[in-house]
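**Student:**
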Amino acid sequence: MEALWLALLGTLTAGYFALAGFDYGTGLLLPFRRRDEALRRMTPFFLGNEVWLVAAVGVLFAAFPRLEGELLSGAHSTFTLLLAGLVLFMAAVQLRLWWWLVFAGALLVSAGWGLFLAHLLHAPWFVAPVMPVLFAVHGWVFQTRRWKLFPATAALCALPVPLAFGTIDVTGLMAHPDTLTLLAWVAVPVIPLVVVLQWSIVAISSR
Amino acid sequence: MSAVDLARLQFALTTSFHFLFVLLTLGLVTLLVVVQTRFTITGAPVHERMTRFWGRIYVINYALGIVTGVVMEFQFGLNWSGLGTFAGDVFGAPLALETLIAFFLESTFLGLWIFGWGRLNRWLHLSLLWLTALTAFASAFWIMAANGFLHHPVGHRLDGTVLRLDDFGALLTNPAFTSAMVHVVFASITAGGVFMTGVSAYHFIRRTPETDFFRRSLRLGVVTTALATPPLVAAGFAQFPVIARVQPGKGEAVPWIGAPLGFMILIGMALVVASWLTLPLLIRDAVIRLRFPLHLMVIGIPLPFAAAIFGWLFREIGRQPWLVQGLLRTEDAVSHVDASQILLSLIVFTSLFALLAVTDWVLIARAVRRGPDVTPAPVSPLVVTL
């Protein structure tokens with residue numbers, strides 16, 4: 001049961017970061033690309049990643065209740081920065097008033113994840129730019145349609161944070177097997193269903 | 001202010017903003033289901049245009065509302081780590097079910113609905129909206145189940161220093177949940193009805209040529225409000241016996257607790273009376289020709305939203321000093337974080353959420369002013385496809 005929930009959390013987190021590369025990457029590249037076209041390409045993927053993030057944090061809370069609070073409150077100001085960036089990014093993309101606000105939001109949220117990664121690995125703060133760089137590279141691969149490179153850069157975005165989670169010892173931090181069994185009945189079938197549905201969104205919108 | 005006061009203020013502010021979005025989302029999706037179902041059955045162009053116009057407003061509100069929800073969810077871990085540590089096994093279950101089987105699916109169905117416009121079979125497209133609406137209400141269901149547990153903790157056993165899940169079914173039959181759930185459902189449908197009425201009235205005041213379109217919308221709004229408000233008020237009063245049983249001290253939590261409760265009841269009653277007085281005036285469009293009721297309808301748009309905030313203030317302040325009634329004190333649940341860090345997040349999130357609410361209002365007002373028939377140019381990237 002423990003391994004199953006670690007795998008589920010890893011899948012959801014990796015799903016978020018793999019999809020986040022589409023929009024944060026595009027946001028980071030806005031100063032250097034044709035902005036209307038770049039944003040139009042991103043549209044079917046917009047908000048696609050946030051649902052994975054919400055699901056991941058939900059699983060973190062329910063399945064790892066004694067880890068979630070320590071993990072988030074231990075990096076309180078990092079998450080303030082990160083969530084501020086996320087709010088700015090999502091609002092700015094909708095408003096489409098100032099492209100630099102989209103850029104600033106993408107930069108804040110990706111730098112925030114970089115800082116969180118450094119926090120997880122007990123690494124110095126200057127490790128933080130690694131996430132913005134990875135998102136930007138993945139965004140560039142997506143925008144310039146270099147599909148051969150695509151799986152590699154997607155994996156590079158997806159893996160750092162889930163792998164850093166692997167350094168945490170979760171013994172005694174997980175919920176009771178009663179709670180985990182109940183939730184597993186729901187979590188296991190829902191993830192493939194969402195993958196199929198999200199894939200359909202992209203397939204339909206490119207028709 | 002201490003860390004616990006700041007964290008409480010932040011939770012109150014962000015939750016209030018979040019709920020404004022939620023209320024309109026739930027209300028509009030219900031009305032959209034009615035409109036698109038009629039379109040799919042009759043094939044009438046006016047119903048298609050109504051689906052498009054109200055759908056656009058719904059999508060704008062949904063996309064911005066998501067953002068407030070993301071911050072809401074993080075807030076439990078950021079500021080209230082004691083809640084997860086103590087009650088995460090029980091409280092976390094409905095919360096996780098909300099993210100997995102409600103929100104996760106709801107957003108995805110909605111995405112398919114948006115991008116499937118004109119590209120999918122009409123009936124398939126309609127069923128996506130039905131699924132979006134069902135999962136949206138499922139979301140409210142699980143959140144209210146989690147909230148009901150905080151007010152009347154059931155279905156748990158104490159295992160050392162933490163709560164364990166003992167009886168999941170008890171969480172779903174919790175009287176503090178079921179009575180409030182019905183109230184919230186009808187509150188959101190009322191908000192949708194009042195909103196649709198007010199926006200349609202605005203177009204009659206401006207004498208927009210789209211009379212058939214807004215006449216139908218106004219009727220739907222008024223009838224919805226008239227049908228939703230009596231059960232709304234009844235479900236409100238039905239909670240008093242439950243409160244008397246499970247939270248007898250609720251009325252004395254703070255000296256002014258009666259004020260928000262009183263305002264909410266007043267607004268609820270006013271909406272019942274106003275909507276039922278308007279019903280006979282729908283005959284031969286008397287309400288439109290009289291004109292002055294149209295102005296009242298526009299002024300009335302904020303009322304259900306104000307009432308909802310008053311209602312939550314009563315419900316949540318009345319729980320103090322407990323976070324989980326009788327089991328966990330609010331002051332014992334706050335994270336071990338410096339007050340200055342919470343102050344920073346309070347300032348950042350509150351200003352951003354205020355900005356989001358204004359953005360939502362501006363974008364919706366823009367979409368409303370443009371009316372049904374123009375190309376939905378830069379309103380929102382998601383709306384372009386509608």
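First to last, the sequence lines map onto chains A and B.
Using the UniProt record's numbering, the first residue of the first sequence is number 1, and each one after it goes up by one.
Using the UniProt record's numbering, the first residue of the second sequence is number 1, and each one after it goes up by one.
Beta carbons: idealized from backbone N, C-alpha and C, even for Gly.
Quick caveat, the model's predicted, so the values are computed rather than measured.
1. Taking the C-alpha atoms as reference points, what is the distance between residue 200 of chain A and residue 112 of chain B?
2. Assuming residue 58 of chain A contacts residue 100 of chain B under a Cβ cut-off of 8 angstroms, what Cβ separation, rounded to an integer in Å, is found between them?
3. State yes or no: is the beta carbon of residue 331 of chain B nearer than 8 angstroms to at least one beta carbon in chain A?
4. Buried or exposed: which applies to residue 54 of chain B, given that a residue is buried once 16 or more other Cβ atoms fall within 10 Å of its Cβ?
5. Strictly under 8 angstroms for the Cβ-Cβ distance: is residue 22 of chain A near chain B by that measure?
6. Taking the alpha helix (DSSP H) that residue 162 of chain B falls in, what are its first and last residues?
7. What does the Cβ neighbour count give for residue 154 of chain B, buried or exposed, with the cut at 16 atoms within 10 Å?
8. When you compare only the Cα positions, how much space is there between residue 276 of chain B and residue 303 of chain B?
9. Which residue from A/56, A/31, A/78 and A/9 puts its Cα closest to that of residue 73 of chain B?
10. Can you grab the Cα-Cα spacing for the pair residue 194 of chain B / residue 309 of chain B, in whole Å?
11. Quick one: is residue 87 of chain B buried, meaning 16 or more other Cβ sit within 10 Å of its Cβ, or exposed?
12. Beta carbon of residue 218 of chain B, beta carbon of residue 197 of chain B: below 8 angstroms?
13. Inspect the beta-carbon positions of residue 228 of chain B and residue 186 of chain B and report whether they are closer than 8 angstroms.
14. Tell me which residues of the stretch 81-93 of chain B have at least one Cβ-Cβ distance to chain A shorter than 9 angstroms, keeping chain order.
15. For the alpha helix (DSSP H) holding residue 227 of chain B, just list the boundary residues, first then last.
16. Which stretch, first to last residue, makes up the alpha helix (DSSP H) that contains residue 140 of chain A?
17. Would residue 208 of chain A pass as an interface residue toward chain B - the criterion being a Cβ-Cβ separation below 8 angstroms?
18. Do you know whose CA, among A/64, A/112 and A/76, lies nearest residue 89 of chain B's CA?
19. Which one of A/47, A/40, A/143 and A/169 has the shortest CA to CA distance from residue 120 of chain A?
20. With a threshold of 8 angstroms on Cβ separation, who are the neighbours of residue 354 of chain B within its own chain once the five nearest residues in sequence on each side are excluded?
21. Looking at the C-beta of residue 370 of chain B, does it have a partner C-beta in chain A at a distance below 8 angstroms?
22. What is the residue span of the alpha helix (DSSP H) that residue 122 of chain A lies within?
23. Verify the CB distance criterion: does residue 119 of chain B have a CB-CB separation below 8 angstroms to chain A?
24. Can you tell me whether DSSP reads residue 195 of chain A as helix, strand or coil?
25. List the whole-angstrom C-beta distance separating residue 339 of chain B from residue 6 of chain B, where the pair is believed to meet the contact cut-off of C-beta under 8 angstroms.
26. So the beta strand (DSSP E) residue 276 of chain B belongs to, where does it begin and stop?
27. Going by DSSP, name the residue or residues bridged to residue 324 of chain B.
28. For residue 160 of chain B, return the contacting residues in chain A, with the cut-off set at a CB-CB distance below 9 angstroms.
29. Kindly identify the DSSP beta-bridge partner or partners of residue 158 of chain B.
30. Would you list, in chain order, the members of the stretch 176-208 of chain B that have their beta-carbon closer than 8 angstroms to a beta-carbon of chain A?
31. What are the boundary residues of the alpha helix (DSSP H) that residue 351 of chain B is part of?
32. Return the residue from the list A/33, A/113 and A/108 that minimises the CA-CA distance to residue 162 of chain A.
33. Within 7 angstroms: the Cβ of residue 78 of chain B and any heavy atom of the ligand GTP?
34. Output yes if chain A places a C-beta closer than 8 angstroms to the C-beta of residue 247 of chain B; else output no.
35. Determine the direct distance from the alpha carbon of residue 252 of chain B to that of residue 242 of chain B, and round the result to whole angstroms.
36. Along the chain, where does the alpha helix (DSSP H) that runs through residue 49 of chain A open and close?
**Tutor:** According to the structure data:
1. In this structure, the CA atom of residue 200 of chain A is about 7 angstroms from the CA atom of residue 112 of chain B.
2. 6 angstroms
3. no
4. buried
5. no
6. Unbroken run through residue 162 of chain B is the beta strand (DSSP E), 162-165; no alpha helix (DSSP H).
7. buried
8. 16 angstroms
9. A/56
10. 16 angstroms
11. buried
12. Going by C-beta atoms, residue 218 of chain B is nearer than 8 angstroms to residue 197 of chain B.
13. yes
14. 81, 82, 83, 84, 85, 86, 87, 88, 89, 90, 91, 92 and 93
15. 211-237
16. 130-143
17. Because chain A here runs from 1 to 207, residue 208 of chain A falls outside it and cannot be looked at.
18. If we check each option's Cα against that of residue 89 of chain B, A/64 comes out closest.
19. A/169
20. Annotation for residue 354 of chain B: 17 place their beta carbon closer than 8 angstroms to its own, counting only its chain and skipping 5 residues before and after.
21. no
22. Element bounds for residue 122 of chain A: n/a, residue is neither H nor E.
23. For residue 119 of chain B, the answer is yes, since a Cβ of chain A falls inside 8 angstroms of its Cβ.
24. helix
25. 6 angstroms
26. Here residue 276 of chain B belongs to no beta strand (DSSP E); instead the alpha helix (DSSP H) covers 258-281.
27. B/328
28. The premise fails here: residue 160 of chain B is roughly 11 angstroms from chain A at the closest Cβ pair, so nothing lies under 9 angstroms.
29. B/163
30. none
31. 339-370
32. A/113
33. With respect to the ligand GTP, the structure offers nothing, as it holds no ligand at all.
34. Taking Cβ atoms only, chain A never reaches closer than 8 angstroms to residue 247 of chain B, which makes this a no.
35. 16 angstroms
36. 48-63
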